[in-house]
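Q: Offset between the sequence shown (1-based) and my numbering: plus 1265.
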Amino acid sequence: MIEKQYEKVNVCKLQDELIAAGLLAGSFTTFEVGEDVAQIQFPDDVDLELVESVVEKHDKTPLPPPKTDLELAQETINYLGTQLFETQTQLFETQVQSMQIEQDKNSLGSQLFDLQTQLMMKGVI
1266 MIEKQYEKVN
1276 VCKLQDELIA
1286 AGLLAGSFTT
1296 FEVGEDVAQI
1306 QFPDDVDLEL
1316 VESVVEKHDK
1326 TPLPPPKTDL
1336 ELAQETINYL
1346 GTQLFETQTQ
1356 LFETQVQSMQ
1366 IEQDKNSLGS
1376 QLFDLQTQLM
1386 MKGVI
């Protein structure tokens, strides 16, 4: 086993990044020595250049805290409220279109009646 120590890292994120790069696919051990110090045991056949490349690119910023149940519920409420508003807007637009179609139908009916009346007065029908 090859043992390496890394300082000023976000231990959990570094471990996830090494796993994502396929470097900790086999057996490994990570020890959190301090808040920002990781001691990792790699298999003997690990590609150390790739390990160092991942460590150099490592994002040290802390992970955001997980959302509380209240925050998750609020997000769900906001999403559902937005969906409801959009659905109501679509319904309103459909009703307006339906009213316009009904007005057009009535107008065409009136025009047809006027034409029939004119034709009757001229004795065509």
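C-beta: ideal position from N, C-alpha, C; glycine also.
For the beta strand (DSSP E) containing Glu1268, name the first residue and the last one.
A: 1267 to 1272
Q: Let me make sure I understand the geometry here. Which of Asp1369, Met1385, Leu1283 has the alpha-carbon closest to that of Val1319?
A: Leu1283
Q: Any idea which residues DSSP pairs Phe1307 with across the strands?
A: Ile1267.
Q: Only counting the same chain, and skipping five residues up and downstream in sequence, which positions put a Cβ closer than 6 Å to that of Leu1384?
A: Ile1390
Q: Could you give the first and the last residue of the continuous alpha helix (DSSP H) run that contains Ile1342?
A: Counted as a single uninterrupted DSSP element, the alpha helix (DSSP H) harbouring Ile1342 occupies residues 1334 to 1386.
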